[in-house]
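Residue numbers (the numbering used here): 23 to 226.
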Amino acid sequence: MTSTLKIAIAESSLLLRSGLEAQLKRLAEFKIQLVEIITTESLFESLRMHKPDLVIINPAFPGTFTPQQIKEECGCQEMKCIALLYSMSDPAQLRLYDEQITIFDGLNDIKNKLEGLLVSTIQKETESEDAQTLSTREKEIVVCVVKGMTNRKIADQLFLSTHTVITHRRNIARKLQIHSASGLTVYAIVNKLIELEDIQQKIG
């Protein structure tokens, strides 16, 4: 199944931006939604508006802003920042990024790096919680599932990729050992994630 992945590219060079977009669109594992950011002035506004899963950005592009400052300023703490490299950069600066892509990377290199970021994100969330305790994001997804929403609708509402929603749902099933919507409904009611009246309205 193809997963949707929203990626912003912050790069002023049309040549580099177009070349990277062409490679990303060749990734059969993902349905890529691309956002172009051409100027520093439009950086934060575009990120706030589109809430991408990833931003691929020229380290020289944001000026004095670090990746963490970018995430905080645009309210996208879960967004991953990938440095787009085509010249020498300060190693200390690059360590602040979640990943790096160079102009010499092939299609498989790019695919592996993107998949690695997505997997590591969810693993970190899982490791930070008790094995039987759902994270805040997982509880949000349980509520959406109980309301009868599809993976695509959940992804749109929570500003996630479909791929990430599916992975969260697998973690939820593993933690709770619940593999049906009806089982999740009981769990949600017992744990006060949703009111019984909301379920009755949905059934009615």
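Glycine included, each C-beta is placed from N, C-alpha and C at the ideal position.
- Pairing serine 204 with isoleucine 211, the inter-Cα distance amounts to about 11 angstroms.
- Proximity of the segment 126 to 133 to the segment 31 to 49 meets the contact definition, three or more beta-carbon pairs being nearer than 8 angstroms.
- For leucine 215, same chain residues with a beta-carbon under 7 angstroms away, outside a window of 5 residues either side, are Lys161, Val164 and Val165 in chain order.
- Separation of the CB atoms of leucine 76 and isoleucine 104 is rounded to 6 angstroms, and the pair is thereby assigned contact status at 8 angstroms.
- DSSP places phenylalanine 83 outside any alpha helix (DSSP H), giving it a letter other than H or E.
- Counting along the chain, no alpha helix (DSSP H) covers threonine 61, and no H or E run does either.
- Leucine 140 and arginine 117 have their C-alpha atoms roughly 18 angstroms apart.
- The DSSP-derived three-state label of threonine 26 is strand.
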